[in-house]
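Every letter in the sequence shown is one number past the one before it in my numbering, and letter 736, counting from 1, is 767. Accompanying notes for the structure given below.
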Amino acid sequence: MKYGHFDDANREYVITNPKTPYPWINYLGNEDFFSLTSNTGGGYTFYKDAKFRRLTRYRYNNVPVDDGGKYFYIKDGDTVWSPGWKPMKTDLDSYECRHGMSYTKFKSAKNGVQAQILQFIPLGFWGEIQKVSLKNTSSEVKKLKLFSFIEFALWNAEDDMTNFQRNFNTGEVEIQDSVIYHKTEFKERRNHYSFYSVNQPIQGFDTDRESFLGLYNGFDNPDVVNAGKPKNTEAHGWSPIASHYIEVELQPGESKEFIYMLGYVEVDADNKWESKSVINKKPAKAMIAKFDTVEKVDAAYNDLKAYWDNLLGKINIQSGEEKLDRMVNIWNQYQCMVTFNMSRSASFFESGIGRGMGFRDSNQDLIGFVHQIPERARERIFDIASTQFEDGSCYHQYQPLTKKGNAAIGGDFNDDPLWLILSTSEYIKETGDFSLLDEMVPFDNDASRAKPHFDHLKASFYHVVNNLGPHKLPLIGRADWNDCLNLNCFSNDPNESFQTTGNKKGDTAESLMIAGLFVVYGKEYVKLCNRIGKNEEAAEAEVHVNNMIEAVKSHGWDGDWYLRAYDYYGKKIGSNENEEGKIFIESQGWCTMAEIGKEEGLVEKSLNSVKEHLDCEYGIVLNSPAFTKYYIEYGEISTYPAGYKENGGIFCHNNPWIMIGETMIGRGDAAYDYYTKIAPSFLEEISELHKVEPYVYCQMIAGKEAFKPGEAKNSWLSGTASWNFYAITQYILGVKPDYDGLSINPCIPSKWDGFKMTREFRGATYSIEVLNPDHISKGVKQLIVNGEIVNGTVIPILEKGKTHTVKVVMGK
Ligand code: BGC
Ligand code: NOJ
């Protein structure tokens with residue numbers, strides 16, 4: 032069952048039934064200021080950091096789900112309704128929510144009144160605009176009462192949800208003209224306030240939540256709206272809100288527009304006050320003046336559209352398969368930008384309080400957006416690298432506001448350092464900019480400990496070399512990519528966190544996943560060293576990479592697949608000898624991508640085993656059989672019910688590793704089949720089961736051993752976005768930036784006749800047509816660039832500012 036449809040021409044998903052199986056959300060904002068918006072008006076806003084600078088409140092796991100947000104109430108006679116359906120949930124004559132590229136639009140109607148809302152954050156602006164249009168489509172004069180509603184959070188979202196003995200006393204507001212200012216705690220250490228304005232005179236307001244709603248009422252039954260009369264309350268403590276009241280008279284056919292703004296202001300200490308206890312409103316007024324007319328708002332909206340035209344114009348395909356095209360051309364790229372902005376901090380599954388920017392996560396995210404915003408990718412690489420230590424280890428996460436490592440989350444995840452080689456090498460291949468290797472980048476955010484960025488890569492590489500276990504395989508540390516394989520945490524205490532407890536010496540448990548990862552990025556490190564003339568370093572590093580390949584062959588092969596790990600006692604994990612968890616996806620992914628033992632047939636055998644043991648109707652599960660009891664020596668993985676999360680769930684992040692592995696042996700049908708199983712646009716028809724948005728990837732789909740296979744959770748913030756984009760564009764479609772040019776080596780379903788791609792690369796546009804006359808999956812017979820034959824599969828760097836025509840004929 033579907034709840035809407037794709038509108039590819041407008042790059043929108045159009046929801047036509049507000050009762051989606053879960054809130055289907057969108058993100059507004061692109062730089063410092065962000066909002067999450069659901070298809071019924073739920074969500075919240077923050078500046079830079081969803082924990083430390085939360086502007087509006089949101090209650091996760093609420094009853095009913097997704098209650099609280101930015102609401103409008105329209106009172107038309109005795110009927111009260113909301114354009115986003117919630118909170119009133121009045122039956123609407125029509126309803127439509129369009130989630131587009133950094134904007135959301137609502138269009139709904141009731142009793143001859145049509146309401147439209149456009150919500151977006153103008154580029155480079157610290158405020159969200161809501162353009163509200165009301166139109167009388169009836170033949171009678173309409174006298175409407177329009178109430179807005181937002182609920183201020185007291186800045187620190189965690190404190191906001193916990194420290195009521197203090198918070199209920201601190202709330203303060205000022206009201207002037209049509210602007211409601213929220214200045215809680217401004218007197219003391221804060222240099223910031225927020226405001227909610229509308230560009231028209233108001234006939235009243237409310238700022239005290241209890242007075243507006245009634246202490247025992249929900250958002251769907253507000254006293255003030257029911258009475259049709261504001262109380263003009265001024266909040267003192269308790270819970271400040273902002274609600275404007277406007278009386279709107281509309282002649283038949285007439286429409287009126289109102290521009291609301293939720294803004295954030297910072298003022299320096301000398302300019303905080305207008306007079307004693309009265310905040311300096313100048314900066315807020317200047318912001319309001321920037322967008323006080325429909326023309327100014329529309330111009331900013333057009334700028335936003337142009338911004339996305341440009342970003343999405345860099346890679347565009349025509350494959351003949353519309354579900355694939357809309358993923359590659361629109362939604363997958365869009366999601367990659369959202370993961371760039373949010374990492375794992377704020378979604379409807381990540382509270383904005385728990386997690387910040389992950390070291391491994393943000394590095395991996397980069398491969399999904401570096402082609403769009405290389406300059407910001409460069410900056411991001413330095414932000415991440417700055418949280419590393421001299422020995423290569425690093426904080427697992429850092430806070431976006433401070434950019435400092437978050438000690439509370441811990442470190443010692445031994446895969447972490449290697450992802451820096453991935454992001455750096457992909458950045459260089461995309462841009463050709465080797466200069467970042469020479470930039471001075473701090474260790475542990477301490478400028479006095481800065482070294483050239485190259486030294487960070489070296490530290491990453493040697494962190495593995497210096498931490499090998501009894502089989503000369505990498506020690507796993509707290510965990511590798513799989514946060515739940517906690518081989519050095521033996522916990523019987525429910526109050527301990529698997530993520531931060533390490534009560535065993537970590538000198539035995541080893542990871543085959545890190546081994547494969549090391550071979551892939553170790554080889555990359557060697558290449559980089561050679562490119563910048565560090566040939567001795569390259570030769571030395573190569574020895575370590577070769578040793579690792581040998582260690583995997585000798586101690587990491589189980590007969591039909593690669594082992595997953597050795598536990599604390601030195602016993603195998605992910606072996607046919609095990610009762611449960613006989614085979615795992617991660618080591619199959621990384622060791623096949625690394626092509627370890629390819630000549631001996633190990634890659635093919637491993638991938639056949641994946642097909643046989645891990646594949647199912649909805650994707651590839653993480654491990655099989657899933658664990659059915661708690662193994663103290665394995666940790667969190669065995670705490671999950673079978674078929675969920677890291678215990679036999681379809682962890683979408685690592686499915687593309689297998690897709691890429693399949694392309695290593697030329698099996699394009701298999702790679703694409705895996706792709707379509709988890710790509711959200713291919714799942715739209717089963718939205719009822721899938722539950723989460725059909726336009727973005729989720730982290731996990733319940734696996735074959737789950738209670739409800741196919742049901743997904745945790746949409747939006749997942750490495751799934753970047754890895755799938757990377758797999759489909761660079762390995763399946765096979766258009767891959769390389770140091771010396773653009774490599775084209777597709778591995779596609781044999782039935783395809785070919786496809787077209789336009790790709791910007793190093794300042795030039797490549798108009799590529801791939802033809803597959805013999806219906807094979809892999810192999811380039813002829814590469815013709817601007818009419819001339821090029822040997823091999825790499826197109827050399829061509830003249831900037833021009834469009835180059837590329838024809839690729841596949842064949843043996
Ligand atoms: C989850 C992991 C996640 C980790 C982060 C675990 O509970 O299963 O997916 O990466 O928490 O803290
Ligand atoms: C989610 C985390 O964000 C990511 O870092 C981790 O690799 C996966 N879970 C798997 O545990």
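No residue lacks a Cβ here, since even glycine has one placed at the ideal position from N, Cα and C.
Original post:
With respect to the alpha helix (DSSP H) encompassing residue 620, which residues constitute its N-terminal and C-terminal limits?
Top reply: In the DSSP assignment, residue 620 falls within the unbroken alpha helix (DSSP H) covering 616-624.
Original post:
So which residues put a beta carbon under 6 Å from any heavy atom of ligand 2, going in chain order?
Top reply: In chain order, the qualifying residues are 375, 389, 391, 392, 512, 513, 514, 515 and 677.
**OP:** Please name the residue in 600, 617 and 592 whose C-alpha comes closest to that of residue 606.
**Re:** Selected option, being the one with the closest Cα: 592.
**OP:** Classify residue 246 as buried or exposed, calling it buried when 16 or more other Cβ atoms lie within 10 Å of its own Cβ.
**Re:** It is exposed - the Cβ of residue 246 has fewer than 16 other Cβ atoms within 10 Å.
**OP:** Ignore the nearest five residues each way along the sequence and tell me which others in residue 141's own chain have a CB closer than 6 Å to its CB.
**Re:** Result list for residue 141: 112, 123 and 124, in chain order.
Original post:
Whose C-alpha, out of 644, 284 and 230, is nearest the C-alpha of residue 163?
Top reply: Sorting 644, 284 and 230 by C-alpha distance to the C-alpha of residue 163 places 230 at the top.
**OP:** Could you check which residue in 652, 788, 627 and 747 has the C-alpha nearest to that of residue 767?
**Re:** Out of 652, 788, 627 and 747, 788 has the C-alpha closest to the C-alpha of residue 767.
Subject >> Counterpart residues of residue 371 in DSSP-defined beta bridges >> reply: Per DSSP, none; premise fails for residue 371.
Original post:
What is the DSSP secondary structure of residue 430, reduced to helix, strand or coil?
Top reply: In the structure shown, residue 430 sits in coil (DSSP, three-state: anything other than H, G, I, E or B).
**OP:** Note down, in chain order, each residue of its chain lying with its Cβ closer than 8 Å to the Cβ of residue 405, except the 5 sequence neighbours on either side.
**Re:** Here the set comprises 458, 461, 462 and 464.
Subject >> Rounded separation between residue 711 and residue 727 - CA only >> reply: Distance from the CA of residue 711 to the CA of residue 727, rounded to the nearest whole angstrom, comes to 6 Å.
Original post:
Which of helix, strand or coil does DSSP assign to residue 107?
Top reply: Reduced to three states, the DSSP call for residue 107 is strand.
Original post:
By the 10 Å Cβ neighbour count, where 16 or more other Cβ atoms means buried, how is residue 742 classified, buried or exposed?
Top reply: Answer is buried; the Cβ neighbour count reaches 16.
**OP:** Return yes when at least one heavy atom of ligand 1 lies under 6 Å from the C-beta of residue 428, else no.
**Re:** The beta carbon of residue 428 sits no closer than 6 Å to any heavy atom of ligand 1.
Original post:
Touching or not, the stretch 425-441 and the stretch 760-778, by the rule of three or more beta carbon pairs under 8 Å?
Top reply: Too few Cβ pairs lie closer than 8 Å, so no.
Original post:
In this structure, what does DSSP give as the bridge partners for residue 717?
Top reply: Answer is none; residue 717 lacks a bridge partner.
Original post:
What is the DSSP secondary structure of residue 510, counted as helix, strand or coil?
Top reply: Secondary structure of residue 510 (DSSP, three-state): coil.
Original post:
What is the DSSP secondary structure of residue 707, reduced to helix, strand or coil?
Top reply: The answer is helix: DSSP assigns residue 707 an H, G or I state.
Original post:
Straight-line CA distance for residue 365 to residue 348?
Top reply: Looking at the backbone, the Cα of residue 365 and that of residue 348 are separated by about 15 Å.
Original post:
Is the beta carbon of residue 187 sitting closer than 7 Å to the one on residue 283?
Top reply: Contact flag unset, no.
Original post:
For residue 841, which of helix, strand or coil comes out of DSSP?
Top reply: It is a strand residue.
**OP:** Excluding the 5 residues preceding and the 5 following residue 879 in the sequence, name in chain order all residues of the same chain whose CB lies nearer than 8 Å to its CB.
**Re:** This structure cannot settle anything about residue 879, because the visible part of the chain is limited to 32 through 843.
Original post:
Could you give the residue range of the alpha helix (DSSP H) that holds residue 478?
Top reply: Counting along the chain, residue 478 falls outside any alpha helix (DSSP H), though it belongs to the beta strand (DSSP E) covering 477-483.
Original post:
Grouping DSSP H, G and I as helix and E and B as strand, with all else coil, what is residue 793?
Top reply: Reduced to three states, the DSSP call for residue 793 is coil.
Original post:
What whole-angstrom Cβ distance do residue 517 and residue 667 have, given they're in contact under 8 Å?
Top reply: Between the beta-carbon of residue 517 and that of residue 667 there is about 5 Å, and that keeps the pair under the 8 Å contact cut.
Original post:
Okay, do the stretch 381-392 and the stretch 75-90 touch, 3+ Cβ pairs below 8 Å being the bar?
Top reply: Flag = yes, the stretch 381-392 and the stretch 75-90 touch.
Subject >> Residues that residue 766 bridges to, as DSSP identifies them >> reply: Checking the DSSP bridge columns, you'll see residue 766 partnered with 775.
**OP:** Below 8 Å on the Cβ atoms is my guess for residue 387 versus residue 376; work out the distance and round it to an integer in Å.
**Re:** The Cβ separation is near 6 Å, so the contact holds.
Original post:
Does the Cβ-Cβ distance between residue 18 and residue 367 come in under 7 Å?
Top reply: Outside the modelled stretch of the chain, which goes from 32 to 843, sits residue 18, for which no answer is possible.
Original post:
DSSP on residue 353, reduced to helix/strand/coil?
Top reply: Helix at residue 353.
Subject >> Whole-number beta carbon distance between residue 151 and residue 115, since they are thought to touch under 8 Å >> reply: Wrong, their Cβ atoms sit about 15 Å apart, outside the cutoff.
**OP:** Measure how close the beta-carbons of residue 57 and residue 110 come, nearest whole angstrom, since I'm counting them as under 8 Å.
**Re:** Their Cβ separation, rounded to whole angstroms, is 28 Å, which puts residue 57 and residue 110 out of contact at 8 Å.
**OP:** Determine the DSSP secondary structure at residue 560, reduced to helix, strand or coil.
**Re:** Reduced to three states, the DSSP call for residue 560 is helix.
Subject >> Runs of alpha helix (DSSP H) wholly within the stretch 173-203 (minimum 4 residues, chain order) >> reply: List check, alpha helix (DSSP H) in window: 188-191 and 195-201.
**OP:** Measure the C-alpha to C-alpha separation of residue 128 and residue 72 and round it to an integer number of angstroms.
**Re:** The straight-line gap from Cα to Cα measures roughly 9 Å.
Original post:
If we call anything under 7 Å between Cβ atoms a contact, is residue 160 one with residue 371?
Top reply: No, the pair does not count as a contact, with Cβ atoms beyond the cut-off.
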